[in-house]
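Student: This is the structure, below, for whatever I ask next.
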Amino acid sequence: MSNAATHAVAPADLVELGRIVAAYGVKGWIKIQPHSADADVLLSVAASAKPASAPVAPAATWWLARPALPGTSAAASGKSSPAHPCAIKAARPHGSHIVAQLEGIDDRDQAEALKGMAVYAPRSAFPAPDPDEYYWVDLIGCTLYGDHEGAPVLLGVVDEVLDNGAHAVLKVRRQQQPPQGGDPVPLLDAKGRPVDVLVPFVQAHVRAVDLVNRRIDSDWPLDF
1 MSNAATHAVA PADLVELGRI VAAYGVKGWI KIQPHSADAD VLLSVAASAK PASAPVAPAA
61 TWWLARPALP GTSAAASGKS SPAHPCAIKA ARPHGSHIVA QLEGIDDRDQ AEALKGMAVY
121 APRSAFPAPD PDEYYWVDLI GCTLYGDHEG APVLLGVVDE VLDNGAHAVL KVRRQQQPPQ
181 GGDPVPLLDA KGRPVDVLVP FVQAHVRAVD LVNRRIDSDW PLDF
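Structure representation (structure tokens):
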């Protein structure tokens with residue numbers, strides 16, 4: 001990787017999609033463990049600039065960064081090392097992993113040196129989802145409303161999206177409206193800990209998703 005690439009300014013909308021877990025073969029290929037359903041996104045980004053006559057165009061790029069070590073102040077703040085771009089020469093699925101070859105990584109030793117790196121892509125580079133499909137990263141931070149006696153009621157904010165094998169599940173950090181009004185506040189249990197609720201992200205429960213206004217409406221009961 002050139003110095004120019006190393007010092008490139010990372011896009012502001014980078015999303016972590018996986019981690020490099022091993023070298024693959026002896027010619028510089030790497031093996032990536034995608035985060036949950038993000039394998040398709042990684043491959044789509046890799047192929048986004050693909051001409052008809054080439055496997056993957058050099059313009060297709062992932063960004064790599066070394067995550068902070070657990071237990072450090074950087075890890076506590078969610079910070080990692082600066083991300084740098086890597087042009088993708090080839091990428092393909094390999095079981096539950098993705099194997100790929102990056103520009104400038106030509107042997108196993110170079111590939112081994114990348115083990116543990118986080119793999120990112122700009123959200124703006126994601127392919128458009130099909131109707132009624134959503135990227136998990138877009139759901140995080142949305143406010144979820146449930147149902148109480150036929151009227152919308154605040155449940156909380158989507159903190160994480162989980163995969164139970166059959167469908168996505170929203171992990172919602174509960175909130176409540178203060179009696180005196182104002183902004184919602186976290187709902188705490190008797191020991192002062194945040195309360196979470198798991199809501200299946202399926203048509204049977206989700207009525208509407210408004211990403212522009214960061215709102216999800218559902219029929220989930222308030223007291224479930």
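Everything in the sequence shown is counted per full-length UniProt numbering, starting at 1 for the first residue and increasing by one. C-beta atoms are modelled at their ideal positions from N, C-alpha and C, and glycine is treated no differently.
Please report how far the alpha carbon of G28 lies from the alpha carbon of Q101, in whole angstroms.
Tutor: Rounded to whole angstroms, the separation of the alpha carbons of Q101 and G28 is 6 Å.
Student: Following the continuous alpha helix (DSSP H) through V45, name the residue where it begins and the one where it ends.
Tutor: 39-46
Student: According to DSSP, which residues form a beta bridge with D217?
Tutor: D217 has Y145, A208 as its beta-bridge partners, per DSSP.
Student: For the beta strand (DSSP E) holding R108, just list the boundary residues, first then last.
Tutor: Premise fails: R108 lies in the alpha helix (DSSP H), 108-112, not in any beta strand (DSSP E).
Student: Quick one: give me the first and last residue of the alpha helix (DSSP H) that V137 is part of.
Tutor: In this chain, the alpha helix (DSSP H) harbouring V137 covers 136-139.
Student: For A125, name the three-state secondary structure that DSSP assigns.
Tutor: helix
Student: How many angstroms separate the CA atom of S218 from the CA atom of P11?
Tutor: 33 Å
Student: For a quick check, are the C-beta atoms of H84 and A8 less than 8 Å apart?
Tutor: yes
Student: So the candidates are R215, V209, D138, G18; which of them puts its Cα closest to the Cα of R66?
Tutor: G18
Student: Taking DSSP as the reference, what is the three-state secondary structure of L187?
Tutor: coil
Student: How about I216 and Y135: do their beta carbons lie closer than 8 Å?
Tutor: no
Student: Looking at V45 and K115, is the spacing between their C-beta atoms short of 8 Å?
Tutor: no
Student: Would you call the CB atoms of P178 and V169 closer than 8 Å?
Tutor: With contacts defined by Cβ atoms closer than 8 Å, P178 and V169 do not form a contacting pair.
Student: Report the option in G25, I98, G141 whose CA atom is closest to the CA atom of R108.
Tutor: G25
Student: Can you find the residues in the same chain that come closer than 8 Å, C-beta to C-beta, to P221, ignoring five residues on each side of it along the sequence?
Tutor: G146, D147, H148
Student: Could you give the DSSP three-state label for Q177: helix, strand or coil?
Tutor: Q177 falls in the coil class under three-state DSSP.
Student: Buried or exposed: K191, going by 16 or more other Cβ atoms within 10 Å of its Cβ?
Tutor: Label assigned to K191: exposed.
Student: Could you spell out the range, first to last residue, of the beta strand (DSSP E) harbouring G156?
Tutor: 151-163
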